[in-house]
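Going by my numbering, the first residue of the sequence shown is number 2, and it counts up by one from there. We treat Cβ as the ideally placed atom computed from N, Cα and C, and that holds for glycine. Beneath this line is the structure, given in structure tokens, with notes to follow.
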Amino acid sequence: MKRRPTAWLAVMAAGTILLPACANTTPTGGETPTSGGTLTISFKDDLKTLDPAIGYDTDSWSIERQIYNGLLDYDGFTTNLKADIAEKMPVITNDGKTYTFKIRKGVKFSNGREVTADDFKYSWERMLDPKTNGPMTGGPFWGVLSGSADFFNGKATSISGIKVLDPNTLEVDLDSPNQSFLNIVAMPFGFVVPKEAVAAAGTDFAHKPMGTGPFVLDKWTAGQLIVLKKNPSYFGTKPYLNEVDAQIGVTPEVAILRMQSGQMDLPQPDINIPSAQYVQLSADPKWKNRIVSTPNVDIWYLAMNPNMKPFDKVEVRKAFNYAINKGSQAKILAGRAVINNGIQAPPMPGYVPNYNPLGLDANGQNVQKAKDLLAQAGYGPGKPFPPQTLVYTKSNADADREAAAVQQDLAAIGVTVNLQGLAFSAFLDVTGKPNTTALSYNGWIQDFPDPSDFIDPILTCSAANVTANGSNVAFYCNKTADALADKARGDTNGTERLNLYKQFQDVVAGQDFPWVPMYSTVEANISSTRVHGYHLHPVWPLIVTSIWVTGAAASASAS
Numbered sequence: 002m003k004r005r006p007t008a009w010l011a012v013m014a015a016g017t018i019l020l021p022a023c024a025n026t027t028p029t030g031g032e033t034p035t036s037g038g039t040l041t042i043s044f045k046d047d048l049k050t051l052d053p054a055i056g057y058d059t060d061s062w063s064i065e066r067q068i069y070n071g072l073l074d075y076d077g078f079t080t081n082l083k084a085d086i087a088e089k090m091p092v093i094t095n096d097g098k099t100y101t102f103k104i105r106k107g108v109k110f111s112n113g114r115e116v117t118a119d120d121f122k123y124s125w126e127r128m129l130d131p132k133t134n135g136p137m138t139g140g141p142f143w144g145v146l147s148g149s150a151d152f153f154n155g156k157a158t159s160i161s162g163i164k165v166l167d168p169n170t171l172e173v174d175l176d177s178p179n180q181s182f183l184n185i186v187a188m189p190f191g192f193v194v195p196k197e198a199v200a201a202a203g204t205d206f207a208h209k210p211m212g213t214g215p216f217v218l219d220k221w222t223a224g225q226l227i228v229l230k231k232n233p234s235y236f237g238t239k240p241y242l243n244e245v246d247a248q249i250g251v252t253p254e255v256a257i258l259r260m261q262s263g264q265m266d267l268p269q270p271d272i273n274i275p276s277a278q279y280v281q282l283s284a285d286p287k288w289k290n291r292i293v294s295t296p297n298v299d300i301w302y303l304a305m306n307p308n309m310k311p312f313d314k315v316e317v318r319k320a321f322n323y324a325i326n327k328g329s330q331a332k333i334l335a336g337r338a339v340i341n342n343g344i345q346a347p348p349m350p351g352y353v354p355n356y357n358p359l360g361l362d363a364n365g366q367n368v369q370k371a372k373d374l375l376a377q378a379g380y381g382p383g384k385p386f387p388p389q390t391l392v393y394t395k396s397n398a399d400a401d402r403e404a405a406a407v408q409q410d411l412a413a414i415g416v417t418v419n420l421q422g423l424a425f426s427a428f429l430d431v432t433g434k435p436n437t438t439a440l441s442y443n444g445w446i447q448d449f450p451d452p453s454d455f456i457d458p459i460l461t462c463s464a465a466n467v468t469a470n471g472s473n474v475a476f477y478c479n480k481t482a483d484a485l486a487d488k489a490r491g492d493t494n495g496t497e498r499l500n501l502y503k504q505f506q507d508v509v510a511g512q513d514f515p516w517v518p519m520y521s522t523v524e525a526n527i528s529s530t531r532v533h534g535y536h537l538h539p540v541w542p543l544i545v546t547s548i549w550v551t552g553a554a555a556s557a558s559a560s
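Right under this line is the structure:
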């Protein structure tokens with residue numbers, strides 16, 4: 002799954018994870034923020050959805066965050082949680098298993114109706130309902146709710162662990178303590194939606210969203226344009242901008258050129274600057290100080306489905322781990338990546354420096370070992386390895402070059418690979434369905450700053466059981482590893498908890514090999530000279546409420 006939050010993180014003694022209060026931002030030149038104007042951004046592909054129960058990607062989250070709110074959010078540009086629609090942080094009792102939230106009075110949906118605790122119960126149960134067919138159905142993150150299993154399996158019509166005590170009080174009961182539950186509540190899946198708007202839209206709520214956020218959807222012309230307008234009834238601090246226009250169908254390379262010619266304000270906010278242009282912009286006095294960058298909390302990898310031939314053989318999956326030149330992958334990104342042989346990102350607690358269970362060389366490979374393993378699996382001159390298709394997101398020129406490099410590395414061990422570059426929404430569709438894609442090129446970027454996020458949604462059995470829109474794209478399931486994740490989830494001892502996650506990594510990256518881990522990145526993005534207050538947020542792919550614009554608007558002819 003592709004997601005673009007970034008941050009340096011530190012781990013505290015009890016396992017709480019915090020981010021330094023500062024964040025990278027565009028220079029403001031000492032100017033006072035001004036209200037009004039339109040911000041122009043772009044996406045290469047049309048968005049998959051604006052339904053928070055379904056969206057699980059950077060593009061969808063970039064716009065969803067402007068339209069909806071949840072009980073909790075992050076304070077400014079840190080990873081410290083704060084109350085949002087909740088009046089205050091919840092009261093937690095019952096050994097960490099019961100959370101009581103008070104709903105802020107006066108918060109209204111954009112249709113004018115006030116939000117109540119019933120709306121959260123409805124929204125969360127809808128998000129988890131198998132009929133919604135979203136990525137949380139079946140257990141990832143939210144399976145800790147008491148009664149959720151019966152709800153998933155059709156044995157109950159509601160989730161007993163979500164209780165409305167009165168119109169402004171919501172009680173949430175968990176089966177067991179979960180150290181990251183408040184971060185889960187703050188995810189877009191926890192955003193509140195009005196039942197009547199969902200009913201009126203029918204199956205098209207994804208294109209007719211309604212929330213409580215700082216903006217409302219004014220227009221969505223498929224494949225062309227999304228227009229957001231300021232929400233006059235927003236309960237929080239009002240945004241400076243009157244409007245946000247998202248041009249669709251613009252490649253990152255073209256978006257950068259449009260920015261340089263005054264036709265774009267914030268090109269591809271969820272995608273790194275393409276490498277060739279990054280080198281050029283970094284050397285240009287006009288633009289180099291407009292670049293903002295920070296280490297990404299991410300891991301990029303090839304996923305191999307152990308349920309599909311020929312990847313049902315561990316020797317094959319292990320051979321692929323020896324075959325890929327990770328150093329060449331990192332070089333394609335113009336120095337904005339480091340080789341990573343594990344499943345955790347370098348800034349994340351639980352990351353093991355210099356992790357190398359296979360004894361790989363400096364480029365992260367061993368070609369002869371790869372050939373030997375394929376021979377052990379029964380492939381050779383008399384039985385050639387069956388041709389494979391590598392599915393990847395055709396996001397920019399870097400993606401094409403990386404896929405081609407993988408193709409070349411595998412050819413060196415006798416494996417023919419055809420490349421299938423897809424639009425992002427199509428990529429999410431095919432990789433999120435069981436036993437559809439055997440080999441795919443993926444990136445995972447934190448949902449929230451906890452090592453469980455690099456395990457629970459992408460490497461556990463519950464995540465493998467999702468029937469559509471899932472993020473465990475290898476459909477990997479090891480019950481022994483699951484037991485480690487289950488134990489770590491509620492462990493209040495920070496040291497013990499991280500050790501359990503390291504043991505989980507050893508099973509995945511040193512024994513089962515559902516992935517070829519490759520690298521972690523540094524995020525770099527840029528904005529036009531009329532944009533002020535643009536920050537790289539540590540969790541959200543895009544925040545526009547801090548942004549104001551000066552000078553002439555971007556040319557409408559670019560849309």
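Check: Contiguous beta strand (DSSP E) assignments of at least 3 residues, all confined to the region 440-519; Outcome: 440-446
Check: Nearest-angstrom Cβ-Cβ length linking residue 45 and residue 252, presumed shorter than 8 Å; Outcome: 5 Å
Check: Residue 438: CB within 8 Å of a non-hydrogen atom of the ligand NAD; Outcome: In the structure on display, the ligand NAD does not appear, and there are no ligands present to speak of.
Check: Neighbour-count burial assignment, residue 27, 16 or more Cβ in a 10 Å radius; Outcome: Note that residue 27 has pLDDT 49, beneath the 50 cutoff, so the model's placement of it is unreliable and no number is given.
Check: The region 392-401 touching the region 336-356, judged by at least three CB pairs closer than 8 Å; Outcome: no
Check: Distance between residue 121 and residue 208 (C-alpha atoms, nearest Å); Outcome: 21 Å
Check: Cutoff 6 Å; reference residue 380; Cβ partners in own chain excluding five residues on either side; Outcome: 386
Check: Beta carbon of residue 390 nearer than 9 Å to that of residue 429; Outcome: no
Check: Alpha-carbon to alpha-carbon, residue 136 and residue 473; Outcome: 10 Å
Check: Straight-line Cα distance separating residue 126 from residue 155; Outcome: 12 Å
Check: Coil, strand or helix - residue 76 by DSSP; Outcome: coil
Check: Residue 243 - DSSP class collapsed to helix/strand/coil; Outcome: coil
Check: Terminal residues of the alpha helix (DSSP H) in which residue 151 lies; Outcome: 149-153
Check: Contact the region 408-419 vs the region 323-330: 3+ CB pairs below 8 Å; Outcome: yes
Check: Sequence-distant residues of its chain with Cβ nearer than 8 Å to residue 404 (five each side left out); Outcome: 391, 393, 420, 422, 442
Check: Whole-Å CB distance - residue 486 paired with residue 514, under 8 Å assumed; Outcome: Wrong, their Cβ atoms sit about 18 Å apart, outside the cutoff.
Check: First through last residue of the alpha helix (DSSP H) which encompasses residue 100; Outcome: Where residue 100 is concerned, there is no enclosing alpha helix (DSSP H), although the beta strand (DSSP E) it sits in stretches over 99-103.
Check: Residue 493 versus residue 97: straight-line alpha-carbon distance, rounded; Outcome: 10 Å
Check: Secondary structure, beta strand (DSSP E): runs of 3+ residues fully inside the region 287-338; Outcome: 292-296, 299-305
Check: For residue 522, the residue or residues it bridges with in DSSP; Outcome: 338
Check: Proximity to residue 345 [Cα-Cα], best of 521, 273, 79; Outcome: 521
Check: Nearest-angstrom beta carbon gap, residue 450 and residue 298 [assumed within contact, 8 Å]; Outcome: 7 Å
Check: Element boundaries [beta strand (DSSP E), containing residue 57]; Outcome: No beta strand (DSSP E) holds residue 57; DSSP gives it neither H nor E.
Check: Alpha-carbon to alpha-carbon, residue 60 and residue 48; Outcome: 6 Å
Check: C-beta contact flag for residue 229 and residue 527 at 9 Å; Outcome: no
Check: Bridge partner(s) assigned by DSSP for residue 421; Outcome: 392
Check: Contact set for residue 85: own chain, Cβ-Cβ below 7 Å, skip 5 residues either direction; Outcome: 70, 71, 72, 73, 74
Check: Three-pair Cβ contact test at 8 Å for the region 261-271 versus the region 306-324; Outcome: no
Check: Given residue 158 as reference, the closest of 177, 123, 109, 166 once Cα atoms are compared; Outcome: 123
Check: Buried or exposed (CB count within 10 angstroms, at least 16 for buried), residue 65; Outcome: buried
Check: Counterpart residues of residue 381 in DSSP-defined beta bridges; Outcome: 384
Check: Endpoints, alpha helix (DSSP H) assigned at residue 404; Outcome: 398-412
Check: Reduced DSSP secondary structure (H/G/I, E/B, other) of residue 48; Outcome: coil
Check: Where residue 166 falls, given that 16 or more other Cβ within 10 Å makes a residue buried; Outcome: exposed
Check: Residues near residue 111 in its chain [Cβ-Cβ closer than 6 Å; skip 5 each side]; Outcome: 211, 217, 232
Check: Cβ neighbour criterion (16 or more within 10 Å) applied to residue 113; Outcome: exposed
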